[in-house]
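Okay, so here's the structure we're looking at.
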Amino acid sequence: MQLFQDFFDQSKQLNQAPFNAQQKLPCHGQTQKYKIILIGLKIPNLPAPLHYLNFFAQIGQPQLPLLRNEYLISTHALDTVSVMCSSSPHMAGQLNSYSLDKDCLITDNGFYFADREQIQRSAKHFEFKRSDSELSFKLNAEETKLVSCFSKLRMGLAEHWSALSRCEGEIIYKGQHIAVQHQGALEFARSWNFPYFPLAYYCMQIINLSNRQQLIFMHLRDSLNRILQSRIYIKDPEQNLAQLYDQGVIFRIHRVYPRITAPNGQKMYLPREFEWRLQAAGINLYLRGQSRGDFKFGLGAGFAGSFSYSICLNGAEEIGESAYCEYIDCRALNWQEQNKQDKIMDQLAESVPIFLKK
């Protein structure tokens with residue numbers, strides 16, 4: 386199955402090839418070919434009370450359960466735009482939906498979502514703005530050449546890219562002004578409007594280390610609970626190096642929060658305590674994370690939040706309070722509710738992350 390995945394998804398080969406420094410992230414609205422568009426900016430390791438900031442714009446509601454919110458559709462699926470902007474403190478208005486035709490303007494250089502959010506672009510420079518009584522910001526994000534390809538399906542069916550970015554500007558949370566000068570991750574994804582795709586589980590986490598390295602952890606599963614991807618990306622602006630590891634990567638969830646029902650009706654368990662391990666040639670990594678419990682709905686059919694962590698990378702230890710997490714689980718509940726006997730069998734088969742309710 387892995388050979389088939391590597392053939393169908395070309396991202397592994399692309400991550401191993403040098404990225405053209407003159408190339409930039411593709412970024413555009415809907416086209417005749419691509420009906421589903423995702424644009425994001427994620428900034429971890431912000432000071433309290435923010436801890437993180439995310440901006441996630443989704444143009445079109447796909448058939449993919451991970452990204453579909455039926456209740457947001459007021460006209461038709463491809464006319465529906467959802468924009469999530471969140472941070473760690475309590476929020477009530479992190480998710481807004483719009484009609485693409487009536488409320489939004491998409492140009493070659495910008496995305497304007499009603500009079501609340503907007504993205505402007507010039508070459509590798511992005512400007513993200515939000516005007517809201519609860520959470521506002523004006524952030525400049527400069528795309529670097531440290532780019533990772535999360536997925537790129539053959540025949541141009543879909544692709545998902547992430548670039549290390551330098552972010553600066555100001556965030557205003559309920560009147561409190563907070564200056565930002567941090568590393569972030571710029572993302573762009575585009576896809577055909579598939580009638581069906583079996584992706585059912587998605588976990589992505591981002592950490593900025595004190596030495597300026599950015600770590601991205603990614604775990605994907607299908608509706609039958611088979612691993613599609615388990616990867617760790619390490620980007621080092623000091624060494625001008627981006628690396629992908631997909632061998633020897635272990636992801637385990639040790640404790641979860643009580644089962645919740647999301648606004649779209651999806652039932653899932655959100656992670657409370659988890660770990661990542663990586664042992665490969667020249668690298669040894671161990672991460673232990675504990676969720677802050679600040680999950681907010683609106684990232685597709687799932688949630689975004691933050692977590693504290695301790696990490697050891699090649700003997701260098703670091704403790705942090707403000708890593709970033711995205712989490713969506715649309716698997717059947719029997720896959721989510723594993724008992725201890727299942728845990729033993731799954732460890733032998735290397736087939737599932739472990740969820741123990743405590």
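In terms of this note's numbering, the sequence shown opens at residue 386 and continues consecutively.
Every residue, glycine too, gets a C-beta built ideally from N, C-alpha and C.
Nearest-angstrom Cα separation, counted from residue j out to residue i
{"i": "Pro580", "j": "Lys420", "result": "12 Å"}
{"i": "Leu449", "j": "Tyr642", "result": "25 Å"}
{"i": "Asn610", "j": "Glu527", "result": "37 Å"}
{"i": "Ser615", "j": "Leu584", "result": "13 Å"}
{"i": "Lys514", "j": "Ala666", "result": "42 Å"}
{"i": "Gly685", "j": "Glu702", "result": "34 Å"}
{"i": "Leu718", "j": "Tyr654", "result": "9 Å"}
{"i": "Ile617", "j": "Ile504", "result": "28 Å"}
{"i": "Phe440", "j": "Gly425", "result": "5 Å"}
{"i": "Ala689", "j": "Ser471", "result": "8 Å"}
{"i": "Ser396", "j": "Ile704", "result": "31 Å"}
{"i": "Ile645", "j": "Gly678", "result": "13 Å"}
{"i": "Pro648", "j": "Asn454", "result": "9 Å"}
{"i": "Glu519", "j": "Ala462", "result": "28 Å"}
{"i": "Gln327", "j": "Met469", "result": "Because the chain here runs from 386 to 743, residue 327 falls outside it and cannot be looked at."}
{"i": "Ala406", "j": "Gly650", "result": "With a pLDDT of 48 at Ala406, under the threshold of 50, the modelled position of that residue is not reliable, and the figure given next carries that caveat. The straight-line gap from Cα to Cα measures roughly 44 Å."}
{"i": "Ile592", "j": "Thr416", "result": "33 Å"}
{"i": "Cys697", "j": "Asn669", "result": "8 Å"}
{"i": "Asn400", "j": "Ser693", "result": "29 Å"}
{"i": "Glu512", "j": "Tyr558", "result": "18 Å"}
{"i": "Phe582", "j": "Leu542", "result": "11 Å"}
{"i": "Gln398", "j": "Thr492", "result": "32 Å"}
{"i": "Leu490", "j": "Ser676", "result": "37 Å"}
{"i": "Gly414", "j": "Asn578", "result": "14 Å"}
{"i": "Trp720", "j": "Gly687", "result": "17 Å"}
Beta-carbon spacing of residue i, residue j below 8 Å
{"i": "Lys427", "j": "Gly569", "result": "yes"}
{"i": "His436", "j": "Glu706", "result": "yes"}
{"i": "Cys710", "j": "Gln590", "result": "yes"}
{"i": "Thr465", "j": "Gly445", "result": "yes"}
{"i": "Asp488", "j": "Phe498", "result": "yes"}
{"i": "Arg501", "j": "Asn525", "result": "no"}
{"i": "Trp546", "j": "Phe602", "result": "no"}
{"i": "Asn494", "j": "Ser484", "result": "no"}
{"i": "Gln561", "j": "Glu553", "result": "no"}
{"i": "Phe659", "j": "Ile635", "result": "no"}
{"i": "Leu538", "j": "Asp714", "result": "no"}
For residue j and residue i, believed in contact at Cβ under 8 Å, the rounded distance
{"i": "Arg716", "j": "Ser695", "result": "The pair is not a contact, with the Cβ atoms about 29 Å apart (cut-off 8 Å)."}
{"i": "Ser467", "j": "Leu457", "result": "6 Å"}
{"i": "Leu613", "j": "Leu605", "result": "4 Å"}
{"i": "Pro656", "j": "Tyr586", "result": "Not a contact, Cβ separation roughly 11 Å."}
{"i": "Glu623", "j": "Arg640", "result": "Wrong, their Cβ atoms sit about 36 Å apart, outside the cutoff."}
{"i": "Pro411", "j": "Ser576", "result": "The Cβ separation is near 12 Å, so there is no contact."}
Candidates the options, of which the one nearest residue i by Cα
{"i": "Ala477", "options": "Gln503, Phe680, Gly425, Cys710", "result": "Phe680"}
{"i": "Ala548", "options": "Cys489, Asp621, Ala499", "result": "Asp621"}
{"i": "Thr529", "options": "Asp464, Gln599, His413, Glu658", "result": "Gln599"}
{"i": "Cys588", "options": "His461, Tyr558, Ser691, Gln624", "result": "Ser691"}
{"i": "Leu594", "options": "Leu399, Asn430, Asn525, Glu722", "result": "Asn430"}
{"i": "Gln628", "options": "Asn649, His562, Phe535", "result": "Phe535"}
{"i": "Lys509", "options": "Gly560, Phe573, Glu519, His562", "result": "Phe573"}
{"i": "Met540", "options": "Asp486, Leu698, Lys418, Ser693", "result": "Lys418"}
{"i": "Arg551", "options": "Val532, Ala543, Glu544, Tyr558", "result": "Val532"}
{"i": "Phe682", "options": "Ser516, Gln479, Ala708, Ile422", "result": "Gln479"}
{"i": "Pro432", "options": "His413, Asp394, Glu555", "result": "Glu555"}
{"i": "Ile422", "options": "Glu544, Asp607, Leu663", "result": "Glu544"}
{"i": "Leu438", "options": "Gly414, Leu663, Ala402, Phe522", "result": "Phe522"}
{"i": "Asn699", "options": "Ala402, Tyr671, Trp720, Gly687", "result": "Tyr671"}
{"i": "Gln664", "options": "Tyr630, Ser473, Ile619", "result": "Tyr630"}
Element boundaries [beta strand (DSSP E), containing residue i]
{"i": "Asn439", "result": "438-444"}
{"i": "Ser707", "result": "701-714"}
{"i": "Leu629", "result": "626-630"}
{"i": "Asp488", "result": "From DSSP, Asp488 is part of no beta strand (DSSP E) but of the alpha helix (DSSP H) over 485-488."}
{"i": "Glu527", "result": "520-537"}
{"i": "Cys588", "result": "584-593"}
{"i": "Thr465", "result": "465-472"}
{"i": "Arg551", "result": "543-558"}
{"i": "Ala689", "result": "687-698"}
{"i": "Pro370", "result": "Residue 370 lies beyond the residue range present for the chain, which begins at 386 and ends at 743; the question has no answer from this structure."}
{"i": "Phe496", "result": "495-498"}
{"i": "Tyr618", "result": "612-621"}
{"i": "Phe602", "result": "599-607"}
{"i": "Tyr671", "result": "668-676"}
{"i": "Leu431", "result": "Unbroken run through Leu431: none, as it is neither H nor E."}
{"i": "Gly478", "result": "Looking at the DSSP string, Gly478 is not in any beta strand (DSSP E), and its letter there is neither H nor E."}
Residue range of the unbroken alpha helix (DSSP H) whose run includes residue i
{"i": "Gln398", "result": "396-401"}
{"i": "Gln721", "result": "718-721"}
Any non-hydrogen atom of the ligand FMN within 7 Å of residue i CB
{"i": "Arg501", "result": "The ligand content of the structure shown is nil, which means the ligand FMN is not present either."}
Proximity test, Cβ basis, 8 Å: residue i and chain D
{"i": "Ser536", "result": "Within the model displayed, chain D is absent; a lone protein chain is all it includes."}
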